[in-house]
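Below you'll find the structure, written out as structure tokens, and then a few comments.
Protein chains in written order, with this note's numbering: chain A, 1 to 818; chain B, 1 to 377.
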């Protein structure tokens, strides 16, 4: 396709301008701001207008010439596939017109369709990436990385801002977000995990609640059935209890009747007894009137009088007998007194015996003293004899020592004379230690003492014999016994005197007492006579009988009256009979009540009544058991968590959550599939493109750099270009090791290669916006050669500030600042 | 009695779970209770003689105690009114009859003489002498298939008014149900009025001389429900049957389809849906059609943003990418084109609907991201 003519109206700096273009290389030359880039943009907008133009877009508004109120118009004449076309875009009227083969199409859709056929199905983006090199892209590029990214985006067919790789990255992020917490724990769960968690929570709640609600439902139904049964039981229980009450009523009435009957009988009996008692009292009162009028006091006096008289008679008789006996006792006491006086011993015998006894005692004391003296004399004699013997032995030793000392001192040594001196000492000691008494003197004193003792002992023996004879005469064992005997005899005499006097006094007193009793008997007999006369009695016995008869009659009367009082109480016989009549009427009424219709069929046998009670107890047990079951069922039915509405709501929320999960999983699967397909498309596209791109770019770069760099590779993933230098023997770092111009040459080679790659046949006009501005002359010539070759197959519009390309151009169009 | 006024409702489905509504289901249950309360209010306001519930008062044969308490409490308002309003209850397909179960329970029996449960293995007739009316009904039996609830219903000729009650589906080629009848059976009943239930929308099944109304649920029961929320107030006597439809439901349902091709993204969808905002509305939105390549519509986000503006909102994403718009892209030989080719292959090879959705979604995400038109950002 070639552009043969272009007209711009109100487009930026061009109010109304038109140009003719030739096939092959066209050089559009002009200084800065002369409209080169504007023309390039106008061509792009003419060929690839947006489907929908945003007339408020600032870039669009900037396209209209300043001070122009109307929007711009673009017109172009084209030749494509041997046909001529006239394309007009009027942005003022938003119209489009395509004249081709005599037809004028104005429908945007059809125009777009026809253009698409002519321009191949390439988009503006692809065009701008390949066949349209904008100067500012190079100018604002600050490194290979940015160019590489741009190239990658263009190769993958992205939009103005998104590349396949970055889209894949975005998809990965989105997948990570949506899957967060699904396979690995995460602090913040993604939507799927949180929905799954919600589902788990809801399922747990539903699983917990469902059996509770179900059980409560069962319990509610059971509760209803139980209530029904409870009512049946209650109804029967009521009936049975009513029957029991009626039976009970009958029984009470029967008991009441029995009680009334009994009480009637008792009252009747009491009435009869009272009547009998009244008759008896009348009889007793009559009898009392017939007996003497002996009051109880008089009767008592009569009884006491008879008793006193008897007692007085008995006392007088007793006193007389006592006086008689006492007289005999007095006589006997006198006889015992005489006898006692005869038994008193002679007092001289006692004196003689006491004297002898004193003498014996004195002699015995003297004998004892003398015996001690004899013994002391014997001991003194023995001591004198032992002292005398030891003195003789000391003398002998003293003599021997004196002799021996004198001899030895003379013969042996003067010092041995000292022995003689010792013998003299011993002699002196023997002389000083001799007895105070001589042995014969001691023996004499001993003999004299012994003789005196023997004499005294003989005298004692004689005295004792005399004492024994005196005691024997007195008939006593010893002196003391003799003394006691005498004292006892004297006491017996005194006692006998006292007894005699006392008995004599008693006898006289008894006689006086008998005399007083006789006087009292006389008084009592006088009173008795009066009493006998009053009671019409002849004797005291008869008196007492009469008194007793009257007393008995009176007692009997009192007893009868008391009995009557006990029977009637505070009532009278008449009242008692009235009570009986009333009670009897009650009895008759109770008997009639028993015959009432409501008590019909209540005359149960004990077995029947027992069966009724058993049934009532059984029903009560059933009711009680049912009440327990009812409570249990009520508790289960009223379980605080048993909320069917909540269960329904939870189940509905669960369904909603599961639906949401399905949607999320579908969204996740869509994202995953997007990523998978995009990754695959990206790789395949890039691989194919790169396989062609690499050698073509290499050839072009080799030509541009005069063979210095000829090997270019692209990273399959990042599309990062890599330059290999044979001179270096390895890869060259584009950013640090290549100059700015060489770096631009790399990307120019890549773009031109890409252009041939994506426009293999019919190519649109190739727009080159001064790509060689930084090239040196040699490399510019090489580049120009390449462009000229390119222009052989396609129309090339080269925008530049310089005239160095004029010679190679088929047409040169000059633009000026005016 | 010259005329008899009957309030006829059915398919109340008290306390029915509704997984479709998720967390809003509880609110719908409350709304259903309120609607049933309004039915009772209506009976009292209109001095109705008889309330007929033609099946499915409860949602299950073993409702929970709280649900029974509520229902019985409401019915007791009628039985304790002066004069009491008679009530006829028919076990339906959900609260079917089983001997000794719900309908025979002491609590139901304790409702009193003015509440009549049309229960039993056979069709039953209940006489309401104070209304000169005979009620004929055949309970739905638990676990029994192919029931013909109208087969045993015949009017009593000596009574001036005969009302039939049945719960089932009208025979249709596309309907298979456990309880069914057809127009001939309806006509053959010879009833003065046939109170039907089972379908949740108001339907007139009048056949021959028999006026037969299926009033639908007193309250909407989901997004798909239409023509619900009403009861029939029937006046019998003077030789004719008049039916008045009275709305008791507070909610309504609406289904909206939005073409994804008209949407530039989720924000557009939110704007479109917000046009319908109503807190008494159950809105079902289907976003369908072809979405422009790279246009991502996040229905979940839209639903979450708009949830508080509706009673319930459900948005179904039934969009497909406009693959044809990518024809040119697919042939460019670059990454986007190759990606589109691969995604299309996946879409075509999808073994099930989910795989297809995932592949289509992947295509949209990939195109959007590669074009830098939003995507995950």
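C-beta atoms are modelled at their ideal positions from N, C-alpha and C, and glycine is treated no differently. This structure is a prediction, so every number in the text was calculated from the model and none was measured.
Query raised in the report: Residues of chain A with CB under 8 Å from residue 2 (chain B), in chain order?
Result: Ordered by position in chain A, no residue passes the 8 Å Cβ test against residue 2 (chain B), which lies about 41 Å from the chain.
Query - Below-8 Å beta-carbon distance, residue 721 (chain A) vs any chain B residue - result: no
Query - Neighbour list for residue 105 (chain B) in chain A, Cβ cutoff strictly below 9 Å - result: 221, 224, 225, 228
Report task. With a threshold of 16 other CB atoms inside 10 Å of the CB of residue 587 (chain A), please say whether the residue is buried or exposed. Result -> buried
Query raised in the report: If you follow the beta strand (DSSP E) that residue 99 (chain A) is part of, which residue opens it and which one closes it?
Result: 95-100
**Report entry** Expected contact under 8 Å - CB spacing of residue 749 (chain A) and residue 697 (chain A) to nearest Å
**Finding:** 5 Å
Report task. Kindly list, in the order they appear in chain A, the residues whose Cβ is closer than 9 Å to that of residue 15 (chain B). Result -> 644, 645, 648
Report task. Excluding the 5 residues preceding and the 5 following residue 310 (chain B) in the sequence, name in chain order all residues of the same chain whose CB lies nearer than 6 Å to its CB. Result -> 281, 283
**Report entry** Range of the contiguous beta strand (DSSP E) that encloses residue 347 (chain B)
**Finding:** That residue, residue 347 (chain B), is in no beta strand (DSSP E); its alpha helix (DSSP H) goes 335-349.
Query - Completely contained alpha helix (DSSP H) runs for the stretch 295-321 of chain B, where each covers 4 or more residues - result: 299-306
Report task. Can you grab the Cα-Cα spacing for the pair residue 117 (chain A) / residue 101 (chain A), in whole Å? Result -> 15 Å
Report task. Verify the CB distance criterion: does residue 111 (chain A) have a CB-CB separation below 8 Å to chain B? Result -> no
**Report entry** beta strand (DSSP E) runs wholly inside the stretch 411-455 of chain A, at least 3 long, in chain order
**Finding:** none
Requested in this report: Would you kindly work out how many angstroms separate the C-alpha atoms of residue 316 (chain B) and residue 294 (chain B), rounded to a whole number?
Outcome: 19 Å
Query raised in the report: Quick one: is residue 132 (chain A) buried, meaning 16 or more other Cβ sit within 10 Å of its Cβ, or exposed?
Result: buried
Requested in this report: At 9 Å on the CB atoms, spell out the chain A contacts of residue 362 (chain B), in chain order.
Outcome: 669, 670, 671, 672, 673, 674, 675, 676, 677, 678
Query raised in the report: Between the Cα of residue 531 (chain A) and the Cα atoms of A:109, A:300, A:772, which residue gives the shortest distance?
Result: A:300
Requested in this report: Taking residue 500 (chain A) as part of the alpha helix (DSSP H), name the residues at either end of that continuous run.
Outcome: 479-534
Query raised in the report: How about residue 24 (chain B) and residue 312 (chain B): are their beta carbons less than 8 Å apart?
Result: yes
Requested in this report: Find the nearest neighbour of residue 463 (chain A) within the set A:538, A:364, A:521, judged by alpha-carbon distance.
Outcome: A:364
Query raised in the report: In terms of alpha-carbon separation, which member of B:17, B:8, B:188, B:55 lies closest to residue 38 (chain B)?
Result: B:8
**Report entry** Cα-Cα separation, residue 213 (chain B) to residue 5 (chain B)
**Finding:** 15 Å
Query raised in the report: chain B partners of residue 663 (chain A), CB-CB under 7 Å?
Result: 300
Query - Beta-carbon proximity check, residue 327 (chain A) vs residue 517 (chain A), cutoff 8 Å - result: no
Query raised in the report: Between B:268, B:218, B:335, B:303, which lies nearest to residue 683 (chain A) when the distance is taken from Cα to Cα?
Result: B:335
Query raised in the report: Among B:157, B:140, B:190, B:175, which has the Cα closest to the Cα of residue 166 (chain B)?
Result: B:140
Query raised in the report: Taking 8 Å as the CB-CB limit, is residue 139 (chain A) close to chain B?
Result: Reliability of the predicted coordinates at residue 139 (chain A) is poor, the pLDDT of 32 falling under 50, and the value obtained from them is presented with this limitation in mind. No, no contact with chain B.
Report task. Kindly indicate which three-state DSSP category residue 352 (chain B) falls into: helix, strand or coil? Result -> coil
Requested in this report: Please determine, among A:592, A:630, A:807, A:666, the residue with the shortest C-alpha to C-alpha distance to residue 250 (chain A).
Outcome: A:592
Query raised in the report: Hey, does residue 208 (chain A) have any beta-carbon neighbour from chain B nearer than 8 Å?
Result: no
**Report entry** Residues of its chain near residue 812 (chain A), where Cβ-Cβ distance is below 7 Å and the 5 sequence neighbours each way are ignored
**Finding:** 27, 29, 806
**Report entry** Limits of the unbroken beta strand (DSSP E) element including residue 725 (chain A)
**Finding:** 721-725
**Report entry** As assigned by DSSP and simplified to three states, the class of residue 43 (chain B)
**Finding:** helix
Query raised in the report: Given that residue 222 (chain B) touches chain A, what residues does it touch there, using C-beta distances under 7 Å?
Result: The contacting residues do not exist; residue 222 (chain B) stays about 12 Å from chain A at best.
Query raised in the report: Would residue 32 (chain A) be called buried (16 or more neighbouring beta carbons within 10 Å of its own) or exposed?
Result: exposed
Query raised in the report: Hey, out of B:155, B:193, B:250, B:115, whose CA is closest to residue 233 (chain B)'s CA?
Result: B:193
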